[in-house]
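Asker: In terms of the UniProt record's numbering, the sequence shown is residues 1 to 540.
Virtual Cβ for every residue (Gly too), placed ideally from N, Cα, C.
The structure displayed is predicted, hence computed values, not measured ones.
Let me begin by handing over the structure; questions about it come next.
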Amino acid sequence: GEEDDVKTARMRRKVLSRAVATATYKAVGPGWDQPEEGVSESDGDEEYAMASSAESSPGEYEWEYDEEEEKNQLEIERLEEQLSINVYDYNCHVDLIRLLRLEGELTKVRMARQKMSEIFPLTEELWLEWLHDEISMALDGLDREHVYDLFEKAVKDYICPNIWLEYGQYSVGGIGQKGGLEKVRSVFERALSSVGLHMTKGLAIWEAYREFESAIVEAARLEKVHSLFRRQLAIPLYDMEATFAEYEEWSEDPIPESVIQNYNKALQQLERYKPYEEALLQAEAPRLAEYQAYIDFEMKIGDPARVQLIFERALVENCLVPDLWIRYSQFLDRQLKVKDLVLSVHNRAVRNCPWTVALWSRYLLAMERHGVDHQVISVTFEKALSAGFIQATDYVEIWQAYLDYLRRRVDFKQDSSKELEELRSAFTRALEYLKQEVEERFNESGDPSCMIMQNWARIEARLCNNMQKARELWDSIMTKGNAKYANMWLEYYNLERAHGDTQHCRKALHRAVQCTSDYPEHVCEVLLTMERTEGTLEDW
């Protein structure tokens, strides 16, 4: 009996959630997202009645419902357990959200979406579904602020004209609140900055903004509408002719000659862009080749805003292509150099392709270049270590990038400093990490030539004047199977030659003659050359 009561309560909770959504839609009014097709107020009444009858006289429908719900609950538990083992399972996140939403678990589905969004960027479809659910439950000003925050997160993952349009429309609903008018205009202006140049989808943003301004009955607002028309007509967009005709019909005064000239210029630009837009329309997703050709075209023209836009459009369908992210970030690093924009793109790149070490290395460099706090850079590096690279050498590369950064922080004019100790500790940790974590996973350290230890030895010898530590490091390098290679001995010899003394140079070369198995004659030549310059007759 208790089990039946629990199941009936669950069913009522689902029915209530749908009824609340319908009531909220009525309160918000037309212009927002419609309720599910086929759902009406009478449907809600019928469902309430069904819930009541189910409580008193369970029938065949209830038993079918119970079986389906029990099956869903078991699947939810399985998915939650799987995510506790591997939080990076994308499809598992999507399936869990779908089932929780189906079951009406509003709190749990919100938490599941939050966890997924912290790990992965969400697609436009996932964001819109989440936003629609939150909008349907928003009942007061605090809820509206929560939805605003959600919109802010949504527009950062990918370029999404539909989300910007939803954001603008939703903000209109809060126009009666304090600062509501400024909020609406701010959202629409940002939307235009983000997607206003979009050849095929930017038109909807412009039209929505104009309609909003036209609806405000103020004489001063007429100039605002004029301004929007003129700004739009200066940009190459599809259906420009219709916009121009609309402006002619709306305006009581003749259209200025300057506006007509800008409009004609934009029409000419539109003809240049059409072949690339039509190629995209005719091709099937992900259309990488078509986007690459479009990017090349925009790069030749050199308008930074349009180059950024076409990269963003390409990444919507090719977000798992690391080379595209690298090319985009290179453009921003070299051309725009705007801190917030550059770091945002680097962050999105590693979230989309966390397995690509080059993206993490470039992210660390960009953060250093823009003066990001040391603690933030260290946290980012730790995230890179847990990203799950696919080969051992990737871990060597990311460690080397981080160690290079730490080395640049040290003032070597001081005999000792906090930064120097941190650098030495990081070198020690790197060697332990490669030995314990990487070798255990890949059966190799990824650094057979001990490049990290070589770099450490150079720093100790050249910058710290500590040849004793450098020699200890080189002894360790040789014991790791490198003593048979002539080039390793000569590397050590060159270090001694530059920062050590003749005695240790001679000792190193004599050991090299005994141990080298690949090019011993080369080592002998170097030894003879040194003795010709430095040695006695007996040495020679």
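(1) So, for Leu267: in the same chain, excluding its five sequence neighbours on each side, which residues have a beta-carbon less than 7 Å away from its beta-carbon?
(2) Within its chain, find whatever has a CB closer than 6 Å to the CB of Ala27; leave out the 5 residues flanking it on each side and keep chain order.
(3) List, from N- to C-terminal side, the alpha helix (DSSP H) runs of 4 residues or more that fit wholly inside the region 307-388.
(4) Return the first residue and the last residue of the alpha helix (DSSP H) that Asn262 is part of.
(5) Between the region 349-358 and the region 379-389, do three or more beta carbon pairs fall short of 8 Å?
(6) Can you grab the Cα-Cα spacing for the pair Val87 / Trp325, in whole Å?
(7) Please report how far the alpha carbon of Ile301 lies from the alpha carbon of Val184, in whole angstroms.
(8) Helix, strand or coil, according to DSSP, for Thr516 in the structure here?
(9) Report, in whole angstroms, the separation of the C-beta atoms of residue 568 and Val109, which I expect to be a contact under 8 Å.
(10) Taking the alpha helix (DSSP H) that Tyr402 falls in, what are its first and last residues?
(11) To which residues of the same chain is His346 closer than 8 Å at the C-beta, ignoring the five residues directly before and after it?
(12) Whose C-beta lies closer than 7 Å to the C-beta of Asn466 among residues of the same chain, with five residues either side of it excluded?
(13) Three-state secondary structure (DSSP) at Ile235?
(14) Using the rule of at least 16 other Cβ atoms within 10 Å of the residue's Cβ for burial, across every protein chain shown, is Tyr90 buried or exposed?
(15) Between which two residues does the alpha helix (DSSP H) containing Trp127 stretch?
(16) What does the alpha-carbon distance come out to for the pair Leu106 and Asp323?
(17) By a C-beta neighbour count over all protein chains shown, 10 Å radius and 16 as the cutoff for buried, is Ala138 buried or exposed?
(18) Report the rounded CA-to-CA distance for Ala430 versus Trp399, giving the unit in angstroms.
(19) Looking at the structure shown, is Gly481 part of a helix, part of a strand, or coil, going by DSSP?
(20) Between Cys160 and Glu124, is the Cβ-Cβ spacing less than 8 Å?
(21) When the Cα atoms are used, what is the spatial distance from Arg144 to Ile390?
(22) Looking at the structure shown, is Asp95 part of a helix, part of a strand, or coil, going by DSSP?
(23) Note down the Cα distance separating Ala508 from Gly500, rounded to an integer number of angstroms.
(24) Where does Asp296 fall in DSSP's three states?
(25) What separation, rounded to the nearest whole angstrom, lies between the Cα atoms of Asp253 and Glu211?
(26) As a quick exercise: from Phe151, Lys156 and Asn494, pick the residue whose alpha carbon is nearest that of Tyr170.
(27) Here's the rule I'm using: 16 or more other beta-carbon atoms within 10 Å means buried, otherwise exposed. How should Pro121 be labelled?
(28) Short of 7 Å in beta carbon distance, which residues of its chain neighbour Arg230, apart from the five on each side in sequence? Order them along the chain.
(29) Do you know how far the Cα of Thr380 is from the Cα of residue 545?
(30) Does Phe412 come out as helix, strand or coil in the three-state DSSP assignment?
(31) Does the beta-carbon of Leu528 have 16 or more other beta-carbons within 10 angstroms, so that it is buried, or is it exposed?
Answerer: Considering the structure as presented:
(1) Position 267 of the sequence shown, counting from 1, holds the residue named residue 267. Here the set comprises Met240.
(2) For the purposes of this step, residue 27 is identified with residue 27 of the sequence shown, where counting begins at 1. The pLDDT assigned to Ala27 is 34, lower than 50, so where the model puts this residue is not dependable, and the model offers no usable value.
(3) 322-331, 339-352, 357-369 and 374-385
(4) Locating residue 262 in the sequence shown gives position 262, where the first residue counts as 1. Glu257 to Gln282 is the extent of the alpha helix (DSSP H) around Asn262.
(5) yes
(6) Position 87 of the sequence shown, counted from the start, is the residue given in the question as residue 87. Position 325 of the sequence shown, counted from the start, is the residue given in the question as residue 325. Distance between the alpha carbons of Val87 and Trp325 is about 24 Å.
(7) Here residue 301 is taken as the residue at index 301 of the sequence shown, counted from 1. Here residue 184 is taken as the residue at index 184 of the sequence shown, counted from 1. About 33 Å.
(8) On the sequence shown, position 516 is the one that residue 516 refers to. In the structure shown, Thr516 sits in coil (DSSP, three-state: anything other than H, G, I, E or B).
(9) The structure shown has nothing for residue 568, since the chain only spans 1 to 540.
(10) Position 402 of the sequence shown, counting from 1, holds the residue named residue 402. Tyr402 -> alpha helix (DSSP H) spans Ala392 to Arg409.
(11) Counting from one through the sequence shown, the residue named residue 346 turns up at place 346. Around His346: Ser329, Leu359, Arg362, Tyr363, Ala366 and Met367.
(12) Within the sequence shown, residue 466 is the residue found at index 466, counting from 1. Only Glu460 meet the Cβ criterion.
(13) For this step, residue 235 is matched to residue 235 along the sequence shown. Here Ile235 sits in coil by DSSP.
(14) Along the sequence shown, read from residue 1 onward, the residue named residue 90 stands at position 90. Result: exposed.
(15) Within the sequence shown, numbered from 1, the residue matching residue 127 stands at position 127. Run containing Trp127: Glu124 to Met137, per the alpha helix (DSSP H) assignment.
(16) Within the sequence shown, the letter at position 106 stands for residue 106. Within the sequence shown, the letter at position 323 stands for residue 323. For the pair Leu106 and Asp323, the Cα-to-Cα distance works out to about 39 Å.
(17) Residue mapping note: residue 138 aligns to position 138 of the sequence shown, counting from 1. The residue in question, Ala138, is buried, as its Cβ has 16 or more Cβ neighbours within 10 Å.
(18) Position 430 of the sequence shown, counted from the start, is the residue given in the question as residue 430. Position 399 of the sequence shown, counted from the start, is the residue given in the question as residue 399. In a straight line, the C-alpha of Ala430 is about 7 Å away from that of Trp399.
(19) On the sequence shown, residue 481 is found 481 positions in, with the first residue counted as 1. Residue state, collapsed to three classes: helix.
(20) Translated into positions along the sequence shown, residue 160 becomes position 160. Translated into positions along the sequence shown, residue 124 becomes position 124. Contact: yes.
(21) Here residue 144 is taken as the residue at index 144 of the sequence shown, counted from 1. Here residue 390 is taken as the residue at index 390 of the sequence shown, counted from 1. Each residue's alpha carbon lies about 43 Å from the other.
(22) What you label residue 95 is simply residue 95 of the sequence shown in a count that begins at 1. Note: Asp95 maps to helix in three-state DSSP.
(23) Walking along the sequence shown from the start, residue 508 turns up at place 508. Walking along the sequence shown from the start, residue 500 turns up at place 500. If you take the alpha carbons of Ala508 and Gly500, they lie about 11 Å apart.
(24) The residue labelled residue 296 in the question sits at position 296 within the sequence shown. Reduced to three states, the DSSP call for Asp296 is helix.
(25) Locating residue 253 in the sequence shown gives position 253, where the first residue counts as 1. Locating residue 211 in the sequence shown gives position 211, where the first residue counts as 1. C-alpha separation (whole angstroms): 19 Å.
(26) In the sequence shown, counting from the first residue as 1, residue 170 sits at position 170. Comparing Cα-Cα distances from Tyr170 to each of Phe151, Lys156 and Asn494, the minimum goes to Phe151.
(27) Mapped onto the sequence shown, residue 121 falls at position 121. Classification of Pro121: buried, given that the 10 Å Cβ count is 16 or more.
(28) Within the sequence shown, the letter at position 230 stands for residue 230. The answer, listed in chain order, is Val259.
(29) Since the displayed the chain opens at 1 and closes at 540, residue 545 lies outside it and no answer follows.
(30) Numbered from 1 along the sequence shown, position 412 holds the residue referred to as residue 412. Three-state result, Phe412: coil.
(31) The count along the sequence shown starts at 1 and reaches residue 528 at position 528. Flag for Leu528 reads exposed.
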